Structure formats: C-alpha cells, structure tokens
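Asks: Following this message is one structure expressed as structure tokens.
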C-alpha cells in the first residue's frame, strides 16, 4: 500500500508523522493554523498547488480507498470534523479566504473517494452556511464549489 492509503486506513502517518485519528482530533485553532493536513485528509489525483510534497492519488489508490471500510470511516469522520469546523467558525465567511480552497478540495476528494452524494451534501452544507451569513463568499469561490 502507498503512504496515503495507509494513512487513510489508519495504518500509517502523514508527512508530518500524524495519524488520521490525530488529524481528525485537531482543535479548531490547529485546523486553521496547520496547512499541510488537508491534502492528506482529502487527497486528490492531481498535484496540490499549495503543497508540492502532498500525496497524489493513483488509480490504484482511489480503488483501494473506495474498497476499504476503515478508509471510508476515516473519510466520513474527517468530513464531519470539517463540517463542524466550518459550522462553528465564521472567519472564512468573507470574499476571499484560504479555507475556500480547502472547501473545493474537500468536495473534489469526496466526489472521487466517497461519491457524488457525500460531495453534494458537504457542498450544500457550506453553501447553506454562506447563505445564512448573507453570502459574503465571492461568486468565484461558489462557482469553484459548484464545479468541484
């Protein structure tokens, strides 16, 4: 297994030595302040523009994560954690914020690894939070989320 599959299965660390369980357990301040965990928690099949050392999923990795119950549970827990983070914090509800890129990544990763329903549910939650705040997020960010 590759490092990213091992990480999502709970059998190996991310690039900073953290387990998936440790990352999911990060407090809100750490989630906001640490910038290298999101590529491990929600990996993609394309290189990260923000972290050149981030893992990139192969087709075999995608298949392994989709087929692994533990990885699916970890992704579900990670999604819940990020939903909680965005629900309890409002600093990201501005025209531009680095969290908008994270949200795009989360939606894309969920679509790839867990399916359209999970990706669409997370996007709907985020759009609902934005709408409840009077839509302070830029139209460009909302378009990225719609296309993710």
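Residue numbers (my numbering): -12 to 135. The C-beta atom is built at its ideal place from N, Cα and C for all residues, glycine as well. Being a predicted model, the structure only gives us computed values, none of them experimental.
Residues bridged to residue 31 by DSSP?
Replies: The partner list for residue 31 (beta bridge, DSSP) reads 43.
Asks: Any heavy atom of the ligand GDP closer than 7 angstroms to the Cβ of residue 46?
Replies: For the ligand GDP, the structure offers nothing, since it holds no ligand at all.
Asks: Identify which residue in 102, 90, 58 and 109 has its Cα closest to the Cα of residue 124.
Replies: Nearest of 102, 90, 58 and 109 to residue 124, Cα basis: 90.
Asks: Quick one: what does DSSP say residue -12 is sitting in, helix, strand or coil?
Replies: Looking at residue -12 - three-state DSSP - the assignment turns out to be coil, as it is neither helix nor strand.
Asks: Which term fits residue 77, buried or exposed, when burial requires 16 or more other beta carbons within 10 angstroms of its beta carbon?
Replies: Counting Cβ neighbours within 10 Å, residue 77 comes out exposed, since fewer than 16 surround it.
Asks: If you pair each beta-carbon of the stretch 97 to 105 with each one of the stretch 43 to 57, do three or more pairs fall below 8 angstroms?
Replies: Because the criterion of three Cβ pairs below 8 angstroms is met, the stretch 97 to 105 and the stretch 43 to 57 touch.
Asks: Going by beta-carbon coordinates alone, are residue 27 and residue 72 separated by less than 8 angstroms?
Replies: No, these two residues do not count as a Cβ contact at 8 angstroms.
Asks: Looking at C-alpha atoms only, which residue of 49, 86, 121 and -9 is the closest neighbour of residue 22?
Replies: Among 49, 86, 121 and -9, the Cα nearest to that of residue 22 is on 86.
Asks: What does the Cβ neighbour count give for residue 39, buried or exposed, with the cut at 16 atoms within 10 Å?
Replies: Answer is exposed; the Cβ neighbour count stays below 16.
Asks: Just to confirm, is the Cβ distance from residue 13 to residue 31 under 8 angstroms?
Replies: For residue 13 and residue 31, no; Cβs fall outside 8 angstroms.
Asks: Between residue 61 and residue 7, is the Cβ-Cβ spacing less than 8 angstroms?
Replies: Yes. Within cutoff.
Asks: Of the residues 126, 65 and 42, which one's Cα is nearest the Cα of residue 81?
Replies: Residue 126 is the option with its Cα nearest to residue 81.
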